[in-house]
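Each remark here refers to the structure printed beneath this line.
In the numbering used here, the protein residues as written are 579 to 811.
Below, the structure written as structure tokens:
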């Protein structure tokens, strides 16, 4: 038995221990932000087409913000779509773009969350990589840290086609993932732990549901503007 042959079993074990990149096989749905200027708004200016607790979400000078940690939801389900928006963190912001929600009363385990976080805040600087801004919360770390400091506007585009998800944050693809690869409710494909409160494997989750924006978390508000949506064919 030559030396190379004798190493093959060890190489096989190594490949199982360190799975490949958690990406979609056919590449990202997009690699840059779209021209969304003519797209319809995700929510009407008066928020009449949105679902949220009365008095929590308000429009101030064209910016949407919340006074509590409550979500503003679309009233309709969506599938195969692109959401494009801008957001501005405060110091300590912890928010998200929520997609495929099938139960708004118990949304955390029944939603895929694209994390919006002030990565630079002291309270969040040591969190797990899967909690960082631009990733899939609790499931997949962003490919790169590109969120801007608190007080600056960021742009994020979330493209969804069935189980295929792509996130572009500030001109960088931070996520390109196939939900079907998340077959465990407790472990992510890269071996990291899934928070127990997420409860479901992404492979078992619906790919149609409501879209939401998470509100003020603790004492750190978040601001949104230019939020638009388009069908993805």
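By construction, the Cβ of each residue, glycine as well, lies at the ideal position given by its N, Cα and C atoms.
So, under 8 Å CB-CB, residue 727 and residue 698 are touching, yes? Tell me the CB distance rounded to an integer number of Å. Position 149 of the chain shown, counting from 1, holds the residue named residue 727. Position 120 of the chain shown, counting from 1, holds the residue named residue 698. Right, the Cβ-Cβ distance comes to about 6 Å (below 8 Å), so this counts as a contact.
State buried or exposed for residue 609, treating a residue as buried only when at least 16 other CB atoms are found within 10 Å of its CB. As a first step, residue 609 must be located in the chain shown, where it is residue number 31. The residue in question, residue 609, is exposed, as its Cβ has fewer than 16 Cβ neighbours within 10 Å.
Endpoints, beta strand (DSSP E) assigned at residue 664: In the chain shown, the residue the question calls residue 664 occupies position 86. It spans 659-667 - the beta strand (DSSP E) in which residue 664 sits, taken as one unbroken run.
Whose C-alpha, out of 714, 687, 720, 644, is nearest the C-alpha of residue 757? The residue you call residue 757 lines up with position 179 of the chain shown. Out of 714, 687, 720, 644, 714 has the C-alpha closest to the C-alpha of residue 757.
Look up residue 690 in the DSSP assignment and say whether it is helix, strand or coil. Translated into the one-based positions of the chain shown, residue 690 becomes position 112. If DSSP states are grouped into helix, strand and coil, residue 690 belongs with the strands.
Which residue wins for smallest C-alpha separation from residue 794, given the options 732, 748, 673? Along the chain shown, one-based indexing puts residue 794 at 216. Ranking the options by Cα distance to residue 794, first place goes to 673.
Within its chain, find whatever has a CB closer than 8 Å to the CB of residue 797; leave out the 5 residues flanking it on each side and keep chain order. Translated into positions along the chain shown, residue 797 becomes position 219. Excluding sequence positions up to five before and after residue 797, its CB lies within less than 8 Å of the CB of 670, all in the same chain and listed in chain order.
Between 810, 801, 760, which has its C-alpha nearest residue 729's C-alpha? Mapped onto the chain shown, residue 729 falls at position 151. Nearest of 810, 801, 760 to residue 729, Cα basis: 801.
Closer than 7 Å, CB to CB, is residue 689 near chain C or not? Included in the structure is just one protein chain, with no chain C present.
Start and end of the beta strand (DSSP E) containing residue 676? In the chain shown, residue 676 corresponds to position 98, counting from 1. Residue 676 -> beta strand (DSSP E) spans 672-679.
Determine the direct distance from the alpha carbon of residue 664 to that of residue 803, and round the result to whole angstroms. Within the chain shown, residue 803 is the residue found at index 225, counting from 1. Within the chain shown, residue 664 is the residue found at index 86, counting from 1. If I take the Cα positions, the gap works out to 5 Å.
State buried or exposed for residue 755, treating a residue as buried only when at least 16 other CB atoms are found within 10 Å of its CB. Here residue 755 corresponds to residue number 177 of the chain shown, with the count starting at 1. Residue 755 comes out buried.
Pick from 710, 693, 660, 678 that is closest to residue 736, judged by C-alpha positions: Walking along the chain shown from the start, residue 736 turns up at place 158. Taking only the C-alpha atoms, the option nearest residue 736 is 660.
With H, G and I counted as helix, E and B as strand and the rest as coil, what does DSSP make of residue 637? Against the chain shown, residue 637 aligns to sequence position 59. Reduced to three states, the DSSP call for residue 637 is strand.
Kindly indicate which residue of 710, 720, 684, 655 has the alpha-carbon position closest to the one of residue 776. The residue given as residue 776 occupies position 198 in the chain shown. It is 684.
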